[in-house]
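Peer 1:
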Amino acid sequence: MNQPTPSYSFDVTSADFDRLVVQASFEQPVLVDFWAEWCAPCKVMLPILEQIAEDYQGELLLAKVNCEVEQDIVGRIGIQTLPTVVLFKDGKVVDGFQEAQPESAIRAMLAPHVVMPEPAAEDPMVQARALFAESRFADAEALLKSILTEDNTHAGALILYGRCLAERGELTEAQAVLDAVKSDEHKAELAGAKAQLTFLRQAADLPDVADLKTRVAQNPQDDEAAYQLAIQQLARQQYEGALDGLLKLFTRNRSYNEGITHKTLLQVFDLLGNDHPLVTTYRRKLFAALY
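Rendered as structure tokens:
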């Protein structure tokens with residue numbers, strides 16, 4: 019069950035002003051926005067103030083006072099102009115401004131009174147995936163090892179670590195890491211990692227890319243060369259070229275090598291994931307070729 023998002027802004031009335039503003043300001047500063055329905059600048063200011071309160075993540079609260087309704091508060095604070103914004107801290111007004119102000123001026127006013135919280139540390143798995151996407155495999159591995167030190171059954175970390183090893187040519191070690199994944203939670207991701215390992219192993223025993231391209235250029239019907247070229251491209255993460263070659267081969271000879279082309283296409287889809295634009299495109303093309 020998802021936890022509700024905390025609200026750092028709220029309406030206050032005469033009945034709860036002391037509790038929600040004055041008393042609360044001993045815990046954290048409370049910014050009070052005095053507004054009215056007829057006040058156009060107030061409506062411009064409100065989303066800015068709400069975003070600022072959100073950015074402070076609970077270190078600052080925003081209380082909103084409807085001046086047309088809460089005349090007691092207006093008289094008590096001595097509000098004469100709208101919009102007016104005041105800052106309560108330790109039970110008293112310490113700062114504020116009248117009339118609409120740019121966001122930068124509001125933040126500058128708050129800076130001496132409220133400490134902006136440190137940004138949340140980025141999820142190390144997110145960082146590792148980004149490093150992997152940049153082919154910075156050693157850096158990604160360092161992060162993944164720290165995750166696995168704390169939890170050596172972390173399926174996502176094991177799978178990505180295995181892929182890093184595979185990309186560096188450590189195929190046997192990569193296989194051992196992937197075999198250690200016991201959770202079914204990342205089933206498609208694991209299938210993709212194992213597919214990549216398979217492509218790298220196959221490519222090691224195939225002719226080089228230049229020779230295969232020459233064979234295909236000389237004879238576009240050379241199914242073996244076309245398939246082997248696609249495997250070499252997959253091992254080098256040249257996915258679009260590989261998918262294009264595999265689809266052409268499947269279209270002209272779907273029974274090649276007992277239907278291995280279709281199986282390989284599905285392995286590439288697992289490798290890239292359903293959200294990848296190439297998968298969307300080539301899954302649709304494969305469907306058209308099948309039916």
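Heads up: the sequence shown runs through residues 19 to 309, numbered per this note's numbering. We treat Cβ as the ideally placed atom computed from N, Cα and C, and that holds for glycine.
Among the candidates Glu168, Leu290 and Phe115, whose CA atom is the shortest distance from the CA of phenylalanine 106?
Peer 2: Taking the sequence shown and counting its residues from 1, one reaches residue 106 at position 88. Residue Phe115 is the option with its Cα nearest to phenylalanine 106.
Peer 1: Taking only beta-carbon positions, decide if glutamate 77 is within less than 7 Å of chain C.
Peer 2: Absent from the structure is chain C; it holds one protein chain and no more.
Peer 1: If you follow the alpha helix (DSSP H) that serine 122 is in, where does it begin and where does it stop?
Peer 2: On the sequence shown, position 104 is the one that residue 122 refers to. Counting along the chain, the alpha helix (DSSP H) containing serine 122 begins and ends at 121-128.
Peer 1: Counting beta carbon pairs with one atom in the stretch 201-212 and one in the stretch 235-242, are three or more of them shorter than 8 Å?
Peer 2: Because the criterion of three Cβ pairs below 8 Å is not met, the stretch 235-242 and the stretch 201-212 do not touch.
Peer 1: Can you tell me which of the three DSSP states serine 43 falls into?
Peer 2: Residue numbering aside, residue 43 sits at position 25 when the sequence shown is read from its first letter. In the structure shown, serine 43 sits in a helix (DSSP, three-state: H, G or I).
Peer 1: Less than 7 Å separating the beta-carbons of alanine 9 and valine 40?
Peer 2: The structure shown does not extend to residue 9, since the chain is modelled only from 19 through 309, so no value can be given for it.
Peer 1: Checking 7 Å against the spacing of the C-beta atoms, do glycine 210 and aspartate 293 come in under that value?
Peer 2: Position 192 of the sequence shown holds residue 210. Position 275 of the sequence shown holds residue 293. Contact flag unset, no.
Peer 1: Please report the straight-line C-alpha distance between valine 199 and glutamine 246, rounded to a whole angstrom.
Peer 2: Locating residue 199 in the sequence shown gives position 181, where the first residue counts as 1. Locating residue 246 in the sequence shown gives position 228, where the first residue counts as 1. Roughly 30 Å separates the two Cα atoms.
Peer 1: With C-beta atoms as the reference, is phenylalanine 52 less than 7 Å away from cysteine 85?
Peer 2: Translated into the one-based positions of the sequence shown, residue 52 becomes position 34. Translated into the one-based positions of the sequence shown, residue 85 becomes position 67. Contact flag set, yes.
Peer 1: Could you spell out where the beta strand (DSSP E) holding serine 27 opens and where it closes?
Peer 2: For this step, residue 27 is matched to residue 9 along the sequence shown. Start and end: 27-29.
Peer 1: Please go through the stretch 37-105 and give each complete alpha helix (DSSP H) segment of 4 or more residues, from N-terminal end onward.
Peer 2: Entirely contained in the stretch 37-105, the alpha helix (DSSP H) runs reaching 4 residues are, in chain order, 58-73 and 89-95.
Peer 1: Report yes if the C-beta distance between glycine 180 and leucine 161 is below 7 Å; otherwise report no.
Peer 2: The sequence position of residue 180 within the sequence shown is 162, counting from 1. The sequence position of residue 161 within the sequence shown is 143, counting from 1. In this structure, leucine 161 does not lie closer than 7 Å to glycine 180 by Cβ.
Peer 1: Grab me the residues of glutamate 185's own chain with a C-beta within less than 7 Å of its C-beta, minus the 5 sequence neighbours each way, in chain order.
Peer 2: The count along the sequence shown starts at 1 and reaches residue 185 at position 167. Once the five neighbours on either side are set aside, the close Cβ partners of glutamate 185 are Phe155.
Peer 1: Nearest-angstrom Cα distance between alanine 158 and valine 297?
Peer 2: By 1-based counting over the sequence shown, the position of residue 158 is 140. By 1-based counting over the sequence shown, the position of residue 297 is 279. Going from the Cα of alanine 158 to the Cα of valine 297 covers about 25 Å.
Peer 1: In whole angstroms, what separates the C-alpha of valine 133 from that of glutamine 89?
Peer 2: Position 115 of the sequence shown, counted from the start, is the residue given in the question as residue 133. Position 71 of the sequence shown, counted from the start, is the residue given in the question as residue 89. Straight-line Cα distance between these residues: approximately 32 Å.
Peer 1: If you reduce the DSSP assignment to three classes, tell me which class aspartate 293 lands in.
Peer 2: Reading the sequence shown from its first residue, position 275 is the one you call residue 293. DSSP places aspartate 293 in coil when its eight states are reduced to three.
Peer 1: Could you say which of Lys61, Ala54 and Gln69 lies nearest to serine 27 if we only look at CA atoms?
Peer 2: The residue you call residue 27 lines up with position 9 of the sequence shown. Of the candidates Lys61, Ala54 and Gln69, the one whose C-alpha sits nearest the C-alpha of serine 27 is Gln69.
Peer 1: Is DSSP giving glutamine 255 helix, strand or coil here?
Peer 2: Against the sequence shown, residue 255 aligns to sequence position 237. In the structure shown, glutamine 255 sits in coil (DSSP, three-state: anything other than H, G, I, E or B).
Peer 1: Let me know if proline 22 comes out buried or exposed under the rule of 16 or more other beta-carbons within 10 Å of its beta-carbon.
Peer 2: Indexing the sequence shown from 1 puts residue 22 at position 4. Per-residue confidence for proline 22 stands at a pLDDT of 36, beneath the threshold of 50, marking its modelled position as unreliable; no derived number is given.
Peer 1: With a threshold of 7 Å on Cβ separation, who are the neighbours of leucine 15 within its own chain once the five nearest residues in sequence on each side are excluded?
Peer 2: This structure does not reach residue 15, given that the chain is present from 19 up to 309, and the question cannot be answered.
Peer 1: Helix, strand or coil, according to DSSP, for valine 111 in the structure here?
Peer 2: Taking the first residue of the sequence shown as 1, we reach residue 111 at position 93. Here valine 111 sits in strand by DSSP.
Peer 1: Roughly how many angstroms lie between the CA atoms of glutamine 193 and lysine 212, to the nearest whole one?
Peer 2: Along the sequence shown, one-based indexing puts residue 193 at 175. Along the sequence shown, one-based indexing puts residue 212 at 194. Each residue's Cα considered, the two are about 8 Å apart.
Peer 1: Taking the alpha-carbon of leucine 100 as reference, which of Glu121, His131, Lys303 and Met63 has the nearest alpha-carbon?
Peer 2: Along the sequence shown, one-based indexing puts residue 100 at 82. Considering only alpha carbons, the answer is Met63.
Peer 1: What are the start and end residues of the alpha helix (DSSP H) that includes tyrosine 179?
Peer 2: For the purposes of this step, residue 179 is taken as residue 161 along the sequence shown, with counting starting at 1. Where tyrosine 179 is concerned, the enclosing alpha helix (DSSP H) stretches over 173-185.
Peer 1: Quick one: residues in its chain with C-beta nearer than 7 Å to the C-beta of asparagine 20, no 5 flanking neighbours on either side, listed in chain order?
Peer 2: The count along the sequence shown starts at 1 and reaches residue 20 at position 2. With a pLDDT of only 37 at asparagine 20, under the threshold of 50, the placement of this residue in the model should not be trusted; the figure read from the coordinates follows. Same-chain partners within the cutoff: there are none.
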